[in-house]
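Here the protein sequences come in this chain order: F and C. Our numbering runs 601 ahead of the 1-based position in the first sequence. Our numbering runs 601 ahead of the 1-based position in the second sequence. C-beta atoms are modelled at their ideal positions from N, C-alpha and C, and glycine is treated no differently. Beneath this line is the structure, given in structure tokens, with notes to follow.
Protein chains: 2
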Amino acid sequence: MVSIVSVAKAAGVSNKTVSRVINGEPHVTEDTRERVEKAIRDLGYIPNMAARQIRSSRSNTFGIITDYVSTTPYSVDIVRGIQDWANTHGKSILMANTGGLPEREAEIWKMFQSHRIDGVLYVTMYHRVVDPEAGDVSIPTVMINCRPQTSELLPSIEPDDFQGARDLTRYLLERGHRRIGYIRLNPILLGAELRLDAFRRTVKEFGLAESDLSIRLGMEGPVGAEENYVFAAATEMLQQKDRPTAIMSGNDEMAIQIYIAALTLGLRIPQDVSIVGFDDFRTVSLALKPELTTAALPYYDLGFQGAEWLNSVIAEEKVRASRRVISCKLVDRTSVCSVKPPE
Amino acid sequence: MVSIVSVAKAAGVSNKTVSRVINGEPHVTEDTRERVEKAIRDLGYIPNMAARQIRSSRSNTFGIITDYVSTTPYSVDIVRGIQDWANTHGKSILMANTGGLPEREAEIWKMFQSHRIDGVLYVTMYHRVVDPEAGDVSIPTVMINCRPQTSELLPSIEPDDFQGARDLTRYLLERGHRRIGYIRLNPILLGAELRLDAFRRTVKEFGLAESDLSIRLGMEGPVGAEENYVFAAATEMLQQKDRPTAIMSGNDEMAIQIYIAALTLGLRIPQDVSIVGFDDFRTVSLALKPELTTAALPYYDLGFQGAEWLNSVIAEEKVRASRRVISCKLVDRTSVCSVKPPE
DNA sequence: CAAGGGAATGACAACGTCGACATTTTTGAT
DNA sequence: ATCAAAAATGTCGACGTTGTCATTCCCTTG
Numbered sequence: 602m603v604s605i606v607s608v609a610k611a612a613g614v615s616n617k618t619v620s621r622v623i624n625g626e627p628h629v630t631e632d633t634r635e636r637v638e639k640a641i642r643d644l645g646y647i648p649n650m651a652a653r654q655i656r657s658s659r660s661n662t663f664g665i666i667t668d669y670v671s672t673t674p675y676s677v678d679i680v681r682g683i684q685d686w687a688n689t690h691g692k693s694i695l696m697a698n699t700g701g702l703p704e705r706e707a708e709i710w711k712m713f714q715s716h717r718i719d720g721v722l723y724v725t726m727y728h729r730v731v732d733p734e735a736g737d738v739s740i741p742t743v744m745i746n747c748r749p750q751t752s753e754l755l756p757s758i759e760p761d762d763f764q765g766a767r768d769l770t771r772y773l774l775e776r777g778h779r780r781i782g783y784i785r786l787n788p789i790l791l792g793a794e795l796r797l798d799a800f801r802r803t804v805k806e807f808g809l810a811e812s813d814l815s816i817r818l819g820m821e822g823p824v825g826a827e828e829n830y831v832f833a834a835a836t837e838m839l840q841q842k843d844r845p846t847a848i849m850s851g852n853d854e855m856a857i858q859i860y861i862a863a864l865t866l867g868l869r870i871p872q873d874v875s876i877v878g879f880d881d882f883r884t885v886s887l888a889l890k891p892e893l894t895t896a897a898l899p900y901y902d903l904g905f906q907g908a909e910w911l912n913s914v915i916a917e918e919k920v921r922a923s924r925r926v927i928s929c930k931l932v933d934r935t936s937v938c939s940v941k942p943p944e
Numbered sequence: 602m603v604s605i606v607s608v609a610k611a612a613g614v615s616n617k618t619v620s621r622v623i624n625g626e627p628h629v630t631e632d633t634r635e636r637v638e639k640a641i642r643d644l645g646y647i648p649n650m651a652a653r654q655i656r657s658s659r660s661n662t663f664g665i666i667t668d669y670v671s672t673t674p675y676s677v678d679i680v681r682g683i684q685d686w687a688n689t690h691g692k693s694i695l696m697a698n699t700g701g702l703p704e705r706e707a708e709i710w711k712m713f714q715s716h717r718i719d720g721v722l723y724v725t726m727y728h729r730v731v732d733p734e735a736g737d738v739s740i741p742t743v744m745i746n747c748r749p750q751t752s753e754l755l756p757s758i759e760p761d762d763f764q765g766a767r768d769l770t771r772y773l774l775e776r777g778h779r780r781i782g783y784i785r786l787n788p789i790l791l792g793a794e795l796r797l798d799a800f801r802r803t804v805k806e807f808g809l810a811e812s813d814l815s816i817r818l819g820m821e822g823p824v825g826a827e828e829n830y831v832f833a834a835a836t837e838m839l840q841q842k843d844r845p846t847a848i849m850s851g852n853d854e855m856a857i858q859i860y861i862a863a864l865t866l867g868l869r870i871p872q873d874v875s876i877v878g879f880d881d882f883r884t885v886s887l888a889l890k891p892e893l894t895t896a897a898l899p900y901y902d903l904g905f906q907g908a909e910w911l912n913s914v915i916a917e918e919k920v921r922a923s924r925r926v927i928s929c930k931l932v933d934r935t936s937v938c939s940v941k942p943p944e
């Protein structure tokens, strides 16, 4: 393998000079620099990160740990965001997936340490504690899309589910909807509670009574094997005498079933029922006709900013635990229409 | 940082002996081994991959290059398959995304070489040539879910779109369907042609005439910004006098629109129209009611076997180009019903 | 008890890079 | 032309590991 030494030989200079050129250090004549650069090109030399790291004890590599995230299609954008930041800042990404198995997670931390990664991005779907294995070693860590259960041990960055759901609720209220259905997300998801809470509060602030609301559980159980009540719940909800004029869906995916339930009952969307989703999972929200009005989860930004944050945590060499929240943008499409105020 | 030297000191042996213990080499007394292992535990020693690599010029790391794959939610399973194989075989995964930009791809190859990765898994959605930048350097590479355009330069592993579509077509024919609609995938996708071809041939073998078929283009244009004709095409197709009794959808995602079109026209699924998808993108296929009969793309296996293959290519140190194909499993759900044969 | 042989252990160098420091060359002011 | 300061370049060692080869130890055999 061509090393710095061969380049030095070819260019007729010392290794150190080559090193200087590679790292853009000063104190090199323009002439020498060019000669070295030519030698580098000719020999196809590429610096050896391992050797570099062994000297500097900096690997310029971030680790990503995911649990089921890579299973849930929406959140690939988190990873894309991280990659984009890393790529444009000369960092590499080492990636591993726990599949939810604690023993595998322990292995992964070990593997990461063994690569002497500079920091970890811990990406999960759940509100959970980072494995002690992790906490012991003081690798800078930023949690993305989740938060440490044990108070504020680690920095975390999350979507603002509350704000997203509040905006969506207001959106419906402003358009005259007064009987609103709500089909709940699987309660094990961190967002479930936040969204429902936002819905309840916003609606109450506006003066609606509990009896104007139809709230149903859409799903429950472990990820990948959940019980699915959405279709049944939506059907039942829409057959009520005073059926809701609008339904908020826990997420976009569940909205598919609500659409089908409504259409099967012969209801038109949005004239007879308006529907809003959550996530802006475009595979779904754009496939539905009429296209789904929803709140976009800022997955890409979560990843991008998470990586950026991790980098600064590493630079400052102290982990300032705190929580950041990124807002969800309301995406206004065509699944909602206005309702005449009651005479 | 605690190194092999500190362990040796603590255990009162030479570094080499510690090295022997770590790598499970013979010629170490049980007694010594235990003493060393204790020292390792006490000090929390973790081997330094970079140093190891510098000696052995083996990084035990695979690189994954993706283009838009990580954007398309279905294919995250490829990555999961790779990770699972890697994890259970002591390999690490370095990951990068081109976003379709050739210049970034070049950078990524450089980054990979700089980490001296052992091999590359090239994962894309398209039928395309690997960048010359890649071909020059002789890093063992396996292509997943795509194939090199220039004949058989590199090993590739793909889903058997043809077989999947043939099985699905037969499935419909066996259930008495004789007028069948087909809504085509975006032609830039490798699978589009294969699936349509399989459909056409199977139907012809069976003796149907071209006039029994309604074939429409569902989407076209660049990924992420495609024109979407599915809903319109399905609506039009289902309004024909002799409307199809079954529709094959280019993929599951497009089936959403077909469902909605059918329901909006007051047709029942499957009694009035049967529908089949492709991919088994469970987020969709299980959300649709009735649940969608479809052909499961073997994404996980593609990744898992791709990694395994790459490993053997590395071991043999010669790249035997060839193509492997993994079959698609038909997933029989409830979106199809039998049709009485014409009297 | 000596010799021989294998098992256990150790000393040392080398991998590729860069930091600390040393040396040489150039520059500029006198 | 002289000399000091600055710039350019070089030497050397260390990072953590393991391969090569040497050394020490213990056991077997005669």
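{"Query": "Which residues in the same chain as residue 679 (chain F) place their Cβ atom closer than 8 Å to its Cβ, once the five residues preceding and following it in sequence are excluded?", "Result": "670, 724, 745, 746, 900, 901, 903, 904 and 907"}
{"Query": "Would residue 775 (chain C) be called buried (16 or more neighbouring beta carbons within 10 Å of its own) or exposed?", "Result": "exposed"}
{"Query": "Jot down the residue ranges of each uninterrupted alpha helix (DSSP H) in the segment 665–734 of chain C, minimum 4 residues, whole runs only, in chain order.", "Result": "677–689 and 703–715"}
{"Query": "Please report whether the beta-carbon of residue 680 (chain F) lies at a distance below 9 Å from any beta-carbon of chain C.", "Result": "yes"}
{"Query": "Out of C:910, C:890 and C:603, state which residue places its alpha-carbon closest to the alpha-carbon of residue 926 (chain C).", "Result": "C:910"}
{"Query": "Please report the distance separating the alpha-carbon of residue 642 (chain C) from that of residue 739 (chain F).", "Result": "17 Å"}
{"Query": "Can you list, in chain order, the residues of its chain whose CB lies under 7 Å from that of residue 686 (chain C), leaving out five sequence neighbours each side?", "Result": "905, 908 and 909"}
{"Query": "Is the beta carbon of residue 810 (chain C) closer than 9 Å to that of residue 764 (chain C)?", "Result": "no"}
{"Query": "Using the beta-carbon of each residue, which ones in chain F are nearer than 7 Å to residue 823 (chain C)?", "Result": "Within chain F, no residue comes near residue 823 (chain C); the closest Cβ sits about 15 Å away, beyond 7 Å."}
{"Query": "Cα separation between residue 824 (chain C) and residue 786 (chain C)?", "Result": "12 Å"}
{"Query": "From the beta carbon of residue 651 (chain C), is the nearest beta carbon of chain F less than 9 Å away?", "Result": "yes"}
{"Query": "Could you tell me whether any Cβ in chain C is nearer than 9 Å to the Cβ of residue 685 (chain F)?", "Result": "yes"}
{"Query": "Starting from the Cα of residue 791 (chain C), find the closest Cα among C:853, C:707, C:750 and C:836 and give me that residue.", "Result": "C:750"}
{"Query": "Starting from the beta carbon of residue 832 (chain F), find every residue of chain C whose beta carbon is closer than 8 Å, and list them in chain order.", "Result": "890"}
{"Query": "Would you say residue 800 (chain F) reaches chain C, if we count a Cβ-Cβ gap shorter than 9 Å as a contact?", "Result": "no"}
{"Query": "Closer than 7 Å by C-beta to residue 821 (chain C): which residues in its own chain qualify, once you throw out the five before and the five after it? Chain order, please.", "Result": "787, 788, 827 and 828"}
{"Query": "Give the single residue among C:741, C:701 and C:713 whose Cα lies nearest to the Cα of residue 720 (chain C).", "Result": "C:741"}
{"Query": "Determine the DSSP secondary structure at residue 924 (chain F), reduced to helix, strand or coil.", "Result": "strand"}
{"Query": "For residue 847 (chain F), I'd like the list of residues in its chain whose CB is within less than 6 Å of its CB, leaving aside the five on either flank, ordered along the chain.", "Result": "773, 778, 781 and 875"}
{"Query": "Are at least three pairs of beta-carbons, each pair with one atom in the segment 869–885 of chain C and one in the segment 849–859 of chain C, less than 8 Å apart?", "Result": "yes"}
{"Query": "Within the segment 791–879 of chain C, note down every full beta strand (DSSP E) run reaching 3 residues or more, in order along the chain.", "Result": "814–818, 847–850 and 875–877"}
{"Query": "I'd like to know if the segment 652–664 of chain C and the segment 631–639 of chain C are in contact, where contact means that at least 3 CB-CB pairs between them fall below 8 Å.", "Result": "no"}
{"Query": "Helix, strand or coil for residue 543 (chain F), going by three-state DSSP, please let me know.", "Result": "With chain F covering only 602 through 944, there is no way to say anything about residue 543 (chain F)."}
{"Query": "Answer yes or no: do residue 863 (chain F) and residue 835 (chain F) have a C-beta to C-beta separation smaller than 9 Å?", "Result": "yes"}
{"Query": "For residue 860 (chain F), return the contacting residues in chain C, with the cut-off set at a CB-CB distance below 7 Å.", "Result": "861"}
{"Query": "Spell out whether any CB of chain F is found under 9 Å from the CB atom of residue 703 (chain C).", "Result": "no"}
{"Query": "Along chain F, in chain order, which residues have C-beta atoms closer than 8 Å to that of residue 647 (chain C)?", "Result": "711, 714 and 715"}
{"Query": "Thinking C-beta only, is residue 815 (chain C) closer than 9 Å to residue 838 (chain C)?", "Result": "yes"}
{"Query": "Rounded to whole angstroms, what is the Cα-Cα separation between residue 794 (chain F) and residue 758 (chain F)?", "Result": "17 Å"}
{"Query": "Within the 9 Å Cβ cut-off, does residue 815 (chain C) reach chain F?", "Result": "no"}
{"Query": "Can you check whether the CB of residue 885 (chain F) is closer than 9 Å to the CB of residue 935 (chain C)?", "Result": "no"}
{"Query": "Please name the residue or residues paired with residue 648 (chain F) in a DSSP beta bridge.", "Result": "Answer is none; residue 648 (chain F) lacks a bridge partner."}
{"Query": "Tell me the residue span of the beta strand (DSSP E) that contains residue 623 (chain F).", "Result": "Run containing residue 623 (chain F): none in the beta strand (DSSP E); it sits in the alpha helix (DSSP H), 616–623."}
{"Query": "For residue 611 (chain C), which of helix, strand or coil comes out of DSSP?", "Result": "helix"}
{"Query": "Taking buried to mean at least 16 other C-beta atoms within 10 Å of its own C-beta, is residue 613 (chain C) buried or exposed?", "Result": "exposed"}
{"Query": "Just verifying my parser: in three-state terms, what is the DSSP assignment at residue 913 (chain C)?", "Result": "helix"}
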